[in-house]
Amino acid sequence: SASTCPRTSSMGHAGREALRRSLLPVLVLALCALPLAVGFYLPGVAPTDYALGDELRAKVEALTSVRTQLPYEYYSLPFCKDGIDLDLHEALNLGEVLRGSRILDTPYQFRVGVNQNCKIMCRKEYDQEEIQAFDS
């Protein structure tokens, strides 16, 4: 069965030259569009500038078990959540929506350029059920 697509090896010099000329505008358009593609970013994932002493807000997303490969919401485990209102959520940004994730606040406090050694965030005694939750 004969193919309907011309092959460049069976084309003459004039045919190859016509093919190059027809691809030139496509190439020029692709090169002109390249700077637009480099400038694209998702809202909510743009870099943030911080000054010395500014507060950094540590966030958490999910934990993945090495045994089950299943993700767990961070606060489904009995981590310290002193001072965190789990019912108060910031508006989702587009990146969170596309990934289907929820990013939550933590009680961790950091400042740019401020060295800090060990700091106790909270003290908690765990019962046997809570200890087993960390083991899954």
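Note that the sequence shown covers residues 1086 to 1221 in this note's numbering.
Backbone N, C-alpha and C fix where the C-beta goes; we use that ideal spot for every residue, glycine too.
On a predicted model such as this, the values are computed, not experimentally measured, just so you know.
In the structure shown, what three-state DSSP assignment does residue i receive?
{"i": "Ser-1086", "result": "No answer about Ser-1086 holds up, because its pLDDT of 47 lies below 50 and its placement is not dependable."}
{"i": "Arg-1101", "result": "helix"}
{"i": "Leu-1148", "result": "strand"}
{"i": "Arg-1142", "result": "strand"}
{"i": "Arg-1196", "result": "strand"}
{"i": "Glu-1214", "result": "helix"}
{"i": "Leu-1137", "result": "coil"}
{"i": "Leu-1109", "result": "helix"}
Taking residue i as the reference, which of the options has the closest Cα?
{"i": "Gln-1201", "options": "Tyr-1193, Asp-1170, Cys-1207", "result": "Tyr-1193"}
{"i": "Gln-1213", "options": "Leu-1179, Asp-1167, Leu-1162, Arg-1184", "result": "Leu-1162"}
{"i": "Ala-1218", "options": "Leu-1108, Gly-1180, Thr-1149", "result": "Thr-1149"}
{"i": "Cys-1165", "options": "Glu-1210, Gln-1154, Tyr-1135, Leu-1179", "result": "Glu-1210"}
If contacts are defined as beta-carbon pairs under 8 Å, then residue i and residue j qualify, I think. What distance do you get, rounded to the angstrom?
{"i": "Tyr-1157", "j": "Ala-1147", "result": "6 Å"}
{"i": "Val-1145", "j": "Leu-1189", "result": "5 Å"}
{"i": "Asp-1167", "j": "Cys-1207", "result": "5 Å"}
{"i": "Ile-1169", "j": "Thr-1191", "result": "7 Å"}
Three CB pairs or more closer than 8 Å across the region 1193-1209 and the region 1135-1153: yes
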